[in-house]
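To keep things clear, I will list the structure first and then write my remarks on it.
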Amino acid sequence: MWSGEETAVIRSEPLRPRTGSGQTGVPLFTRLGPDHTRLGFSGQIAPWHDQKRLYLSGFACGSLALGDLDGDSLTDLFVAGGAEDNRLYLQGEDLSFLDITAGLSVEAAGHWSPSAVILDIDNDGDNDLHVCHYDRPNQLFINQRAESGKLSFREEAARFGLDIADASLMAAFADFDRDGDLDLYLLTHRLLREGGRPATALQLEAAAKGGGLAVTGDLARYYAVADRPDPSGKWTYREHGRPDLLLRNDNGVFRDVTAETGLSREPATGNSALWWDFDEDGWPDLFVGNEDAPSLLYRNSGKGNFTEVSQTLLPSGPTPARGCAVLDANRDGRLDLLVGSVSGQTHYQRHTGGTDTESTHNALYLATGAGRFLEAGWLSGLARTGHTWAVNSGDCDLDGWEDLFIANGAARHFQHGDLPKLDHDQLVGRTLWDHYATTTGELRQANLAFRGSATMPWPDVSAKWGLDLVGMSYSCAQADLDNDGDLDLAVCGLNDPVFVFRNDSPGHHSIRVRLSGNKTNRGGIGARIIATTPMGRQVREIRTSQGYLTANDGTAHFGLGPHQNVTRLQVRWPSGATQEFKDLPSGRLYTITEPSTGKTPPKTPDPSPMFAADLSLENRSDAPPPREAPTLPIPLSRLGPCQAWGDADADGKPDVYLGGAPGKPGRLLFNRSSPENKLRFTQSTQWLFDTHAEREDTTALFFDANSDGLPDLFVGSGARGQEEGASTLRDRLYINHGDGFFDDESYRLPDIRENTSAVCAADFDRDGDLDLFTGFLGQPGLYPLPAGGRLLANLDGKEFADVTAAQTARLESAGLITSALWTDCDDDEWPELVLAQDRGPILIYPNRKGTLTGPTPVSAAGHWNAVAAADLDNDGDIDLAATNWGLNHANPATPEAPDAVFAGDLLGDGHLVTIEAYRENQIWYPRRGLPFWQNHLPSLFPGTMTYHEFASRPLDQLFGIDRLRKLTVLTAAESRSGFFTNDGHARFTFTPFPQIAQIAPAFGIALEDFDRDGRTDCYLAQNETAHLGDFAAMAGGIGQLLRNSGQPGKPEDRFLAVPAAESGISLPGAGRSVAALDLNADGRADLVTARLGEAPSVLLNQAGKGPASLAVSLRGPSPNLQAIGARLVLQTSGLPLQVREIRAGEGFRSGLPGAPLFALPRPGGPPPELRVLWPDGTTTRQTVPAEGGTVEIVHPAPPPPQPVVAEEKRRETRPQ
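Numbers 6 to 1221, taken from our numbering, label the letters of the sequence shown in order.
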């Protein structure tokens, strides 16, 4: 245990008893108005005010700051008045306050004051007051109580170098250089010129950076040259924000170090700022949220400078960004970040906003410990909260989970789409407020509260807790105002008084912690406190200001649920000192003093992750965006690259074919890895694949087409907006003639020209050779109209014949096929065909001795992207797993709220129209907004249609019920990825993967025993960034490893999500195909993941010491020498039953026939026995070495003679 050398560093006092009733139906909070609190301030909209133009900006309203100013241990309240004079209230008894503003000179009459912070800036033991003003010098009121014995202030902003006059919105304090005093990040918004834009022309000059033009003179404070000329070619200008400032405290004088520390000096309209140590290196980092520019995340190097890392660490964020809050949302011990924005909560609100609707929403960034954050706004239920301003977090109900409060509303509904569009001339001489003050009304919205929970989405408890005040709320502040151990709330808005919401939580326990710095700043700002209880760990960081106009009191509060003690409390000070306390009783306020001689504990080294990035394979260069139908939901040419693995040159090592985009051929890479396990791949010099560079490689598979023992290569074509019958849609078959030399022998395939999306091989008729199934993702040029698939029978290795029509199953009538595989689901030794579909169910086509029947659906209709098979519960039969779109997007499909796509010739003019729709309150609406449809279907959506008309009408009224009835309709009612447990009779039960696995669409899937415990684990390749139109990217994931727990009982406990810090997997971008195979012959399954537009990544499995591994190579009966379809069963002591199948093709655009891996028990037991069920029905048994390694098992039938390739051809084409 590390602690300071001093022992008398903690003291405590009891909290007051709580008086909550605990009655059912009684709200958690009681709203107290001015009659009770005597808070007489009310921020009225003042039409007469000479700065009324600020009401349509982040300055619209004043705000609240909490802290103890008079040293009586009661939290006082300062109101930064906005347009009104400021007010200072001291707290008395029973949450009543006394206005003591008079005589203290803090009212700032005539100033517009947006915010204030209460903190001890001079480290003298009492709290001071910093106040921001709009375009007036900011003020710093130094508390004189220690000198005079009574509360009084001396204004000393000039002496401290803080009398800055600008668009100052908020001050965020932290000790960024850890020298013991507080530094300041001054967030600025924008300056709005009185009287609107000038009638005279602006003075311009060449811009100092980036070329172009820049405004000069006094007007440069307000305006910048527009990004582009107007339609007439005339250059105009626009309002812009102001540069923020980082001010370092150098011995009591603040100095501008913005540029020298690497922070941006570019103008931006700031809305929020927050310090927090996101990478847990002890140095405070900085988040800045902007109205009109991307948010910024600055990593503190600890060397006096910062690096902007938002693009590499944060998935795409909201613009505008409003309030933000730090909390441990999933209670994993890492601090997460919620960023608010403007987002309609209903269809009508979203589609009257004047912009399209899904790209702007709140973001919840979940820390992973691996650098990159996850983003879970939709998954958490927090994405859409209205016209949001301040955000605050804290454990309101004392259950150990932090909750959220969100302040909503605006002075005017100035973003309504039906308001007249303002051009430059209309803004000359008039401000936005002049235009909107009377043409639109107040935007009053309910404030929201969400209860934190281990499961998402978090429930909306706004009404249940009594916090659903309808108003124009901008600011909120949170503290235990009455010292009874629960968090109370104060809210400030326009045209309303300040309301205090008293927390009447009746049960559960809590503690509060207040810090007193010694070497650190006196308030302990930046310290991290970790409380451990039987429920787990809770983490808090001390800060006084955060986000948008939020200034709490700087103490830490922990809800303990039913537990009456904190098992362990750790304090990590900015100085580096660490303290630890044990068995602290609840119901007390603890004051902890920093030790003057405390030591920094040594950093515990992080354990090595399971996977480590090794190299990247040949890159795939994306072609220009194709001219696909503008109403398509997703571009079909953005679903690659595909990958196929096989020993192309017969040297015993797996080689890979990586599919190419249009204009770039696929690449064959030979594995030239050394015995020292150094991976190296070289590209084949063969020109063959270049001849098909114009085609889109959509899927690929190595399999033995001509039964000569060499892997041949099938490559599917399709995707890119091709018209029916285009030659570029023909699939290809490359025949391997030895040493990796291939010839194009596509003539062996039927001339089928479809959008091929899936391929798999098996001897479905058990005639000895390998047959093919090819699946199609919609008709060429007519997506999403389905095209089904084709069954191609192998005719003695010479050619393939389309035998689809001969089957009982109607394969050509299947839907939008995304993935296919062959597996024996019912243990009758005949492989069934399993298909995954987009907007359709997963289907199984039973194989009745060479004839496919059915199909049998095993799932609800979903957006299924891939299907894979393995024995997931170690019971000896084959289960399924499938990827889907997940839950972290605007409209996840459920049985109660399905989604649909209508497709066809809507207008009878021969053009395909695709309409995506969703259901809200049992009514169908289009997903896309009015601007989109006015652009693409002006005959139905004329320019005269208003946003109100569009948003008020359901789908059938907008498009016409008779027209819709003529269209093809595809629906989905399931969005979760998950697995299907086989009962042994091909009856499957669906169980979704853990919730965090639903954080993004999953495409590629790999089922393999990555940790060698005898149980099959799962890896999901995640994210979609290629959506067309105005839909938001769904890229909240980084790839997810799921460990098979083997726990009996509830299926939902089968798979456990492995955190990224433990797995070592952090792959942003659009994950596509994935392969799991042992690349370096160390007995551990590695991963190769392909991502859209990026080089496929190789992740080597470096899991620590564990059981030995066995790799099995099969030599099958002629002509199926790869033994595709064989099943291997290993029964050992100390490990569960392990079953493997040899398959060719499964998952998402992946082909991987290879040597299966088995975990072996530790030495000492009897030798394991491996049973092989060969594809021809033969069964063999063989004892395998207990120490593992690689074994080859040969079918008892004699192998055929090997083919001979002319030595001259070998020399000419041998890969280097």
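Note that the Cβ used here is the ideal one computed from N, Cα and C, for glycine as well.
Straight-line CA distance for residue i to residue j?
{"i": "Arg-58", "j": "Met-175", "result": "19 Å"}
{"i": "Trp-240", "j": "Asp-232", "result": "9 Å"}
{"i": "Asp-884", "j": "Ala-874", "result": "6 Å"}
{"i": "Pro-52", "j": "Val-906", "result": "49 Å"}
{"i": "Gly-934", "j": "Ala-388", "result": "18 Å"}
{"i": "Leu-840", "j": "Phe-769", "result": "15 Å"}
{"i": "Leu-332", "j": "Thr-193", "result": "25 Å"}
{"i": "Asp-843", "j": "Gly-794", "result": "14 Å"}
{"i": "Asp-206", "j": "Pro-325", "result": "Checking the sequence, you will find Ala at residue 206 rather than Asp. So the two alpha carbons sit approximately 30 Å from each other."}
{"i": "Gly-476", "j": "Ala-649", "result": "59 Å"}
{"i": "Arg-632", "j": "Asn-760", "result": "With a pLDDT of 49 at Arg-632, under the threshold of 50, the predicted position of this residue should be treated as unreliable, though the coordinate-derived value follows. Distance between the alpha carbons of Arg-632 and Asn-760: 16 Å."}
{"i": "Arg-815", "j": "Asp-878", "result": "32 Å"}
{"i": "Val-544", "j": "Thr-266", "result": "29 Å"}
{"i": "Leu-33", "j": "Arg-981", "result": "34 Å"}
Would you mind giving the Cβ-Cβ distance between residue i and residue j, rounded to the nearest angstrom? I have them listed as a contact below 8 Å.
{"i": "Leu-291", "j": "Ala-278", "result": "7 Å"}
{"i": "Tyr-739", "j": "Leu-693", "result": "7 Å"}
{"i": "Arg-1059", "j": "Thr-996", "result": "7 Å"}
Per DSSP, residue i forms a beta bridge with which residues?
{"i": "Asp-868", "result": "The question names Asp, but residue 868 is His in the sequence shown. Paired residues: Asp-843."}
{"i": "Ser-1123", "result": "None, per the DSSP bridge assignment."}
{"i": "Asp-255", "result": "Val-258"}
{"i": "Glu-979", "result": "Gly-867"}
{"i": "Lys-308", "result": "Per DSSP, none; premise fails for Lys-308."}
{"i": "Lys-587", "result": "Arg-573"}
{"i": "Phe-781", "result": "Thr-761"}
{"i": "Thr-1195", "result": "Ala-1116"}
{"i": "Ile-123", "result": "Leu-134"}
{"i": "Met-175", "result": "Leu-192"}
{"i": "Val-293", "result": "Ala-278, Leu-301"}
Is residue i near residue j, with beta carbons less than 8 Å apart?
{"i": "His-513", "j": "Met-540", "result": "no"}
{"i": "Gly-552", "j": "Gly-328", "result": "yes"}
{"i": "Ser-1114", "j": "Gly-1009", "result": "no"}
{"i": "Gly-531", "j": "Asp-133", "result": "no"}
{"i": "Ala-766", "j": "Ser-824", "result": "no"}
{"i": "Leu-800", "j": "Ala-792", "result": "no"}
{"i": "Ala-468", "j": "Asn-397", "result": "no"}
{"i": "Val-1103", "j": "Asp-702", "result": "no"}
{"i": "Ser-315", "j": "Pro-289", "result": "no"}
{"i": "Leu-1135", "j": "Gln-1127", "result": "no"}
{"i": "Asp-188", "j": "Arg-253", "result": "yes"}
{"i": "Glu-210", "j": "Tyr-227", "result": "no"}
{"i": "Ser-37", "j": "Leu-100", "result": "The question names Ser, but residue 37 in the sequence shown is Leu. Contact flag set, yes."}
{"i": "Gly-773", "j": "Asn-1125", "result": "yes"}
{"i": "Leu-124", "j": "Phe-83", "result": "no"}
Can you find the residues in the same chain that come closer than 7 Å, C-beta to C-beta, to residue i, ignoring five residues on each side of it along the sequence?
{"i": "Asn-128", "result": "Asp-186, Asn-526, Arg-527"}
{"i": "Asp-77", "result": "none"}
Under 7 Å from any heavy atom of the ligand ZN, does the C-beta of residue i make it?
{"i": "Trp-288", "result": "This structure lacks the ligand ZN; in fact it carries no ligand of any kind."}
Which residues in the same chain have their Cβ closer than 6 Å to the Cβ of residue i, if we skip the five residues on either side of it in sequence?
{"i": "Val-518", "result": "Ile-534, Ala-561, Tyr-595"}
{"i": "Pro-1208", "result": "With a pLDDT of 48 at Pro-1208, under the threshold of 50, the modelled position of that residue is not reliable, and the figure given next carries that caveat. Taken in chain order, the residues that qualify are Asp-713."}
{"i": "Arg-1145", "result": "Leu-1133, Pro-1161"}
{"i": "Pro-464", "result": "Arg-456"}
{"i": "Asp-297", "result": "Thr-274"}
{"i": "Asn-870", "result": "Thr-823, Thr-888, Phe-1008, Phe-1153"}
{"i": "Ala-861", "result": "The identity of residue 861 in the sequence shown is Thr, whereas the question assumes Ala. If we look at Thr-861 and ignore the five residues flanking it on each side, its Cβ neighbours are Ile-849."}
{"i": "Ala-1211", "result": "Any reading at Ala-1211 is ruled out, since the residue's pLDDT is 38, under 50, leaving its predicted position unreliable."}
Report all residues from its chain with a CB closer than 8 Å to the CB of residue i; omit the five preceding and five following residues, and keep chain order.
{"i": "Glu-699", "result": "Pro-667, Gly-668, Thr-733"}
{"i": "Thr-390", "result": "Gly-345, Ser-348, Gln-350, Asn-367, Ile-411, Asn-413, Leu-453"}
{"i": "Gly-246", "result": "Ala-172, Thr-193, His-194, Arg-195, Pro-272, Ala-273, Thr-274, Gly-275, Asn-295, Glu-296, Asp-297, Ala-298"}
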